[in-house]
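Asker: One structure is given below, represented as structure tokens, and several questions about it will come after.
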Amino acid sequence: MVEKISFKLNSKPVSLEVDGDRKLLWVLRTDLGLTGTKFGCGEGICGSCTVLVNNEATPSCQISIKDVAGADVITIEGLEKDGALHPLQKAFIEHDALQCGFCTPGMILKAHSLLTENPAASREEIMKGMEENLCRCGAHPRILDAIETAAKEMKGSR
Amino acid sequence: MEMGRREFLKRMGILGGGIIIYCGIGEKITSAAQMPQMPGFGNTPVDYNAFVRIGTDERVTCFVGKIDMGQGTVTSFPQIVAEELDVDYESVDIIMGDTDLCPYDFGTVGSMSIRMVGPQVRNAACEARGVLKELASEYLKCPVDRLQTKNGAVFDKANPDKKVTYGALAKGKVIEKHLKELPPLKSPSEFTVMGKPYLHQDARDKVTGKAKFAGDLRLPGMVYASILRPPAHGAKLKNVDVSEAKKIKDVQVVQDNDLVAVLHKFPDEAEKALSKIKAEYDLPGTGLDDKTIYEHFLKVPVKPDILNQAGDLAKGRGLAKEIFEETYLTPYVAHTPIETHTGIADAENGKVTVWASTQTPFPLQESIAKTLGLSKEKVRVITPFVGGGFGGKGSPNPNRESLAAARLAVLTGRPVQVAQTRAEEFFYDTFRPAAVIKIKSGLDGSGNIVFWEYDVYMAGDRCAEVLYNVPHHLVKVYGGWMSPPAGAHPFGVGPWRAPGAGNNIHAKELHMNMMAEKAGVDPLEFRLKHLKDERMINVLKAVADKFGYKPARLPSGRGIGMSCAIDANTYVAHMAEIAVDKASGKVEVKRIVCGYDMGLCVNPQGTTLQMEGSCFMGMGYALTEGLRFSNGEIFDRNFDTYHIPRFSWLPRIETIIIQNMDKPPQGGGEPGIVGIGAIIANGIHDATGARLFNLPMTPERVKAALKKL
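Residue numbers (my numbering), protein chains in the order written: chain U, 1 to 158; chain E, 1001 to 1709.
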């Protein structure tokens, strides 16, 4: 059913006339042109489509657009502020924590959610928190290093 | 070159001035280029295979037909150019895998990018430097031998203020030069860029979401197509009813021979419409499943190729005091790049442009042209960012998503995107073939290997050769991934990162440890005793040093596994520490050390990533990955049943690169994966005494092997 749905997307208000049952992933990628959020498995088990909904990592292929009405949604495109990269983005570059880069947006947003909840997360806790996000290239050790580095910087800037 | 000169120069953007240096494949490289005999490979005339453009804006562009799918050649090719041309690394751009702009390339496979095209790029850059010096000589009125190049400028050694930039020299000139003679290259002592670590050049785009993969491109009026797929391989469509799908608003249904597709401006709506199509199939069934496949392989008629032969096996058997005979089984394994196969096609004025997630843009260009009945020049394939490939995203994989997109674009007159679902990705994968390996070998009374009889079915010959000193040996290869015998496989197979090498090394190196144990000799000592190649010995010793290896007889209880191999011409050794939970059968990999001697390592940073990544990816085929199927139906359709390595598996991974800058660069992307099955199997044996002859080494199999002790 087409309905009007309003929410905050990357700090800006948006309003859409859209079938409320459509998945957030496809609305972001097609209607809104934000293609940084990736399709990986379609069943919420690979983490590629992770976005932040009210600061919590959410697989956007599993959540309907009507369920984010009134919510605060952040995608990878919303992390950079005035040309300055987020500490997680910087750390992923510095640690070379990617290869093909396809899982990277989901990894970064998952880590963001994890560190928001637990800013002092240990490596073990980061590892556990990231468990559901898949990467086939094997960038894992560097992703953990990058998240640890970013955690320190994020704590320092609080 | 088929296109007109003027058109070509226009595409190169140098009509207003610029310099292009081509570099053809030398005789030495040609034989390697012809090595892969897959469809579409090596049958197109090669005029040149790398070139460099120097623009009037001081930017240098390197054009190669290879693609980057994460392996980092997007960084290492520019390093090569910057080095030989004496320009800042930051001023080098690279265009890869565009059939209109780049020289022909058979595909990005086999760790061959830097190995084969690297030297050509280097030659082209070196020659460009020579041309620039000649131009500068005229411009500065100074003899060439007094000139030197640095940071994109030529200057007079006697008077460094007397200088001219490359861009200024390129102004107003259209210079093409086809390199005929090998120019004098820099010596390793002069290197300032090659051999130094560089981070991924494209990382910023990847962390901000700006990197555009095929599925991220948006063309005006583009629609998304979902395609009717059969439930099993070999299934024949009996009848189809699309009436319900047609009722969905804005859906276009296309039926064209074997192709039934639904198109919509939203991909999720197209998928929904597809689910409304009713189709009936004939399911003939192959009678094959993941358990019966191995017996089947042994019955497939195939004449073996003899890979290695020396001495006389009968004589070797006569010398043996101990005989070792074993069979090793490895299953079908899927590539599962996180980006599924995706293609977009736009047909306009008789020309078709396709953006494809492919490893083989040029063979794809040919197959699209053939499918559409167009000449090759009317088809352009552009390779945007590719989200992983591992051998699964190009020939012999047909890139059927891109072919379908091209057909649909022509049929409908609209730009069409086809992105495979995860289930399609599994179903249509060109899997690493399952394989059977049989080894018979023998030791004499002094612990020397006296014979080695090796039969490999379906994995192919890579890393099947005899690495160790064995006087009497015979290696026979019964079919491989490249040209599988008719009737062998119930679905497509193809190259999977170091194709077949992981299967062969698992069997060979497990067998080595079996003999070392019987000989009562430490497995490192046993290997060193039978190795002759100094570079192999050096790498193995370097890895053992880094590991802190102390000799012990097998099984030592410590859980240490080791292996060595020569893959993609790179010498590679691995060591690992493994722990086994005997109650659950669960295997934990605690530590891996991996060492390479790949000759000149252009980018040690990128190579380190490839080593880490391939070691970790290898843990999947070692521990969990094995496709489940029956009668052409694929049971694994997503990551919930097909388990690839994840964070909690992560061991400490350490790497060593032995720089050998005087030697040509060899493969980097694959050698790191070849020993992982072997080191884990050997580690399990060293920890517990149990041998795992079959992959993957699941907890159930580990428990079963422990029970046999």
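Cβ atoms here follow ideal geometry from the backbone N, Cα and C, with glycine treated the same way. This one's a predicted model, so the numbers in the text were calculated from it and none came from an experiment.
1. For a minimum of 4 consecutive residues, which ranges assigned as the alpha helix (DSSP H) are wholly contained in the segment 1371-1430 of chain E?
2. Can you name the residues of chain E whose CB is closer than 8 angstroms to the CB of Ser-48(U)?
3. Show which residues of chain E have a CB atom less than 8 angstroms away from the CB atom of Arg-123(U).
4. Please report the distance separating the alpha-carbon of Asp-1256(E) from that of Lys-1438(E).
5. Taking beta-carbon pairs under 8 angstroms, can you tell me which members of the segment 30-44 of chain U lie near chain E?
6. Please state whether the Cβ-Cβ distance between Ala-146(U) and Ala-91(U) is less than 8 angstroms.
7. Taking a cut of 9 angstroms between CB atoms, which residues from the segment 13-32 of chain U lie near chain E?
8. Output yes or no for whether 8 angstroms exceeds the beta carbon distance between Pro-1398(E) and Tyr-1332(E).
9. Suppose contacts are defined by Cβ-Cβ distances below 8 angstroms. Is Arg-61(U) in contact with Lys-23(U) by that definition?
10. Could you list which residues in chain A have their beta carbon closer than 9 angstroms to that of Glu-77(U), in chain order?
11. For the alpha helix (DSSP H) containing Thr-104(U), list its first residue and its last residue.
12. Assuming contact is defined by CB atoms lying nearer than 8 angstroms, are Met-1069(E) and Cys-100(U) in contact in what I supplied?
13. Quick one: Cα of Leu-1263(E) to Cα of Pro-1363(E), how far?
14. Output, in chain order, the set of chain E residues within a Cβ distance shorter than 7 angstroms of His-140(U).
15. Quick one: using the 10 Å Cβ neighbour count with 16 as the cut-off for buried, is Leu-1578(E) buried or exposed?
16. Kindly provide the ranges of any alpha helix (DSSP H) runs that are 4 or more residues long and lie completely inside the segment 72-105 of chain U, ordered along the chain.
17. Mind reading off the beta-carbon distance from Ala-1128(E) to Gly-1018(E)? Whole number of angstroms is fine, and I expect it under 8 angstroms.
18. When burial is assigned at 16 or more other CB atoms within 10 Å of the CB, is Asn-54(U) buried or exposed?
19. With a threshold of 16 other CB atoms inside 10 Å of the CB of Asn-118(U), please say whether the residue is buried or exposed.
20. Which residues in chain U have a C-beta closer than 7 angstroms to the C-beta of Pro-1484(E)? List them in chain order.
21. Indicate whether His-1530(E) and Ile-1679(E) have their beta-carbon atoms separated by less than 8 angstroms.
22. Would you say the segment 1204-1217 of chain E touches the segment 1366-1386 of chain E, given that touching needs at least three Cβ pairs under 8 angstroms?
23. Start and end of the alpha helix (DSSP H) containing Glu-153(U)?
24. Please tell me whether Gln-1252(E) has its Cβ less than 8 angstroms away from any Cβ of chain U.
25. Tell me where the alpha helix (DSSP H) around Met-130(U) begins and ends.
26. With three or more beta-carbon pairs closer than 8 angstroms as the criterion, would you say the segment 1299-1310 of chain E touches the segment 1459-1467 of chain E?
27. Hey, out of Ala-1136(E), Gly-1152(E), Ala-1153(E) and Asn-1151(E), whose CA is closest to Asp-1145(E)'s CA?
28. Return no unless some Cβ of chain E is closer than 8 angstroms to the Cβ of Asp-82(U).
29. Given that a residue counts as buried once 16 or more other Cβ atoms are within 10 Å of its Cβ, and exposed if not, what is Thr-1421(E)?
30. Let me check understanding here. Comparing Cα to Cα, which of Phe-1491(E), Val-1521(E) and Ala-1486(E) lies closest to Ser-1446(E)?
31. Which residue comes first and which comes last in the beta strand (DSSP E) that contains Ile-1676(E)?
32. Per the DSSP calculation, Met-1562(E) is bridged to which residue(s)?
33. Please classify Asn-1239(E) as buried or exposed, where buried requires at least 16 other C-beta atoms within 10 Å of its C-beta.
34. On the DSSP bridge assignment, give the partners of Tyr-1328(E) in chain order.
35. With three or more beta-carbon pairs closer than 8 angstroms as the criterion, would you say the segment 1321-1341 of chain E touches the segment 1662-1675 of chain E?
36. From the beta carbon of Leu-52(U), is the nearest beta carbon of chain E less than 8 angstroms away?
Answerer: The relevant details are as follows:
1. Here the runs fully enclosed are 1400-1412 and 1422-1427.
2. Translated into positions along the first sequence, residue 48(U) becomes position 48. Residues of chain E passing the Cβ test: Ile-1338.
3. The count along the first sequence starts at 1 and reaches residue 123(U) at position 123. Ordered by position in chain E, no residue passes the 8 angstroms Cβ test against Arg-123(U), which lies about 10 angstroms from the chain.
4. Position 256 of the second sequence holds residue 1256(E). Position 438 of the second sequence holds residue 1438(E). Their Cα atoms are separated by approximately 47 angstroms.
5. When C-beta distances to chain E are compared with 8 angstroms, the residues of the segment 30-44 of chain U below that value are Thr-30, Asp-31, Gly-33, Leu-34, Thr-35, Gly-36, Thr-37, Lys-38, Phe-39, Gly-40, Cys-41, Gly-42 and Glu-43, in chain order.
6. Here residue 146(U) corresponds to residue number 146 of the first sequence, with the count starting at 1. Here residue 91(U) corresponds to residue number 91 of the first sequence, with the count starting at 1. Ala-146(U) is a Cβ neighbour of Ala-91(U), given a cutoff of 8 angstroms.
7. Within the segment 13-32 of chain U, the qualifying residues are Asp-19, Arg-22, Lys-23, Leu-25, Trp-26, Val-27, Arg-29, Thr-30 and Asp-31.
8. If you number the second sequence from 1, residue 1398(E) lands on position 398. If you number the second sequence from 1, residue 1332(E) lands on position 332. The Cβ atoms of Pro-1398(E) and Tyr-1332(E) do not sit closer than 8 angstroms to each other.
9. Reading the first sequence from its first residue, position 61 is the one you call residue 61(U). Reading the first sequence from its first residue, position 23 is the one you call residue 23(U). In the sequence as presented, Arg is not what sits at residue 61(U); that position holds Cys. Result yes, Cβ atoms of Cys-61(U) and Lys-23(U) sit closer than 8 angstroms.
10. Looking for chain A here will not work: the only protein chains present are U and E.
11. Taking the first sequence and counting its residues from 1, the one referred to as residue 104(U) is at position 104. Per DSSP, the unbroken alpha helix (DSSP H) holding Thr-104(U) starts and ends at 104-117.
12. Locating residue 1069(E) in the second sequence gives position 69, counting from the first residue. Locating residue 100(U) in the first sequence gives position 100, counting from the first residue. In this structure, Cys-100(U) lies closer than 8 angstroms to Met-1069(E) by Cβ.
13. Taking the first residue of the second sequence as position 1, residue 1263(E) is located at position 263. Taking the first residue of the second sequence as position 1, residue 1363(E) is located at position 363. If you take the alpha carbons of Leu-1263(E) and Pro-1363(E), they lie about 27 angstroms apart.
14. In the first sequence, residue 140(U) corresponds to position 140, counting from 1. Near His-140(U) (Cβ distances below 7 angstroms), the residues of chain E are Phe-1616, Phe-1647 and Leu-1650.
15. Here residue 1578(E) refers to the residue found at position 578 when the second sequence is read from its first residue. One detail in the question is off: residue 1578(E) reads as Ile in this sequence, not Leu. By the neighbour-count criterion, in which 16 or more other beta carbons inside 10 Å mark a residue as buried, Ile-1578(E) falls on the buried side.
16. Complete alpha helix (DSSP H) runs here, min 4: 87-94.
17. For the purposes of this step, residue 1128(E) is taken as the residue at position 128 of the second sequence. For the purposes of this step, residue 1018(E) is taken as the residue at position 18 of the second sequence. Actually they are not in contact, since the Cβ atoms of Ala-1128(E) and Gly-1018(E) sit about 11 angstroms apart, beyond 8 angstroms.
18. Within the first sequence, the letter at position 54 stands for residue 54(U). Asn-54(U) comes out exposed.
19. Reading the first sequence from its first residue, position 118 is the one you call residue 118(U). By the 10 Å Cβ count, Asn-118(U) comes out exposed.
20. To locate residue 1484(E), count along the second sequence from 1; it is residue 484. In chain order: nothing, as chain U lies at least about 24 angstroms away.
21. The sequence position of residue 1530(E) within the second sequence is 530, counting from 1. The sequence position of residue 1679(E) within the second sequence is 679, counting from 1. No Cβ-Cβ contact shorter than 8 angstroms links His-1530(E) with Ile-1679(E).
22. They touch, by the three-pair rule.
23. Here the question's residue 153(U) lines up with position 153 in the first sequence. In the DSSP annotation of this structure, the continuous segment of the alpha helix (DSSP H) that includes Glu-153(U) starts and ends at 140-156.
24. By 1-based counting over the second sequence, the position of residue 1252(E) is 252. Chain U contact via Cβ: absent.
25. Stepping through the first sequence from its first residue, residue 130(U) is reached at position 130. Per DSSP, Met-130(U) belongs to the alpha helix (DSSP H) from 123-130.
26. The segment 1299-1310 of chain E, when compared against the segment 1459-1467 of chain E, does touch it at the 8 angstroms Cβ threshold.
27. Along the second sequence, one-based indexing puts residue 1145(E) at 145. Of the candidates Ala-1136(E), Gly-1152(E), Ala-1153(E) and Asn-1151(E), the one whose C-alpha sits nearest the C-alpha of Asp-1145(E) is Ala-1136(E).
28. For this step, residue 82(U) is matched to residue 82 along the first sequence. So, not an interface residue.
29. To locate residue 1421(E), count along the second sequence from 1; it is residue 421. Buried, since its Cβ has 16 or more Cβ neighbours within 10 Å.
30. Along the second sequence, read from residue 1 onward, the residue named residue 1446(E) stands at position 446. Of the listed residues, the one whose Cα sits closest to Ser-1446(E) is Val-1521(E).
31. As a working mapping, residue 1676(E) is identified with position 676 in the second sequence. Not the beta strand (DSSP E): Ile-1676(E) falls in the alpha helix (DSSP H), residues 1676-1688.
32. Working through the second sequence from its first residue, we reach residue 1562(E) at position 562. DSSP lists Met-1575(E) as partners of Met-1562(E).
33. Counting from one through the second sequence, the residue named residue 1239(E) turns up at place 239. Counting Cβ neighbours within 10 Å, Asn-1239(E) comes out exposed, since fewer than 16 surround it.
34. Within the second sequence, numbered from 1, the residue matching residue 1328(E) stands at position 328. Partner(s): Ile-1437(E).
35. They do not touch, by the three-pair rule.
36. Looking up residue 52(U) in the first sequence gives position 52. No, its Cβ sits nowhere closer than 8 angstroms to a Cβ of chain E.
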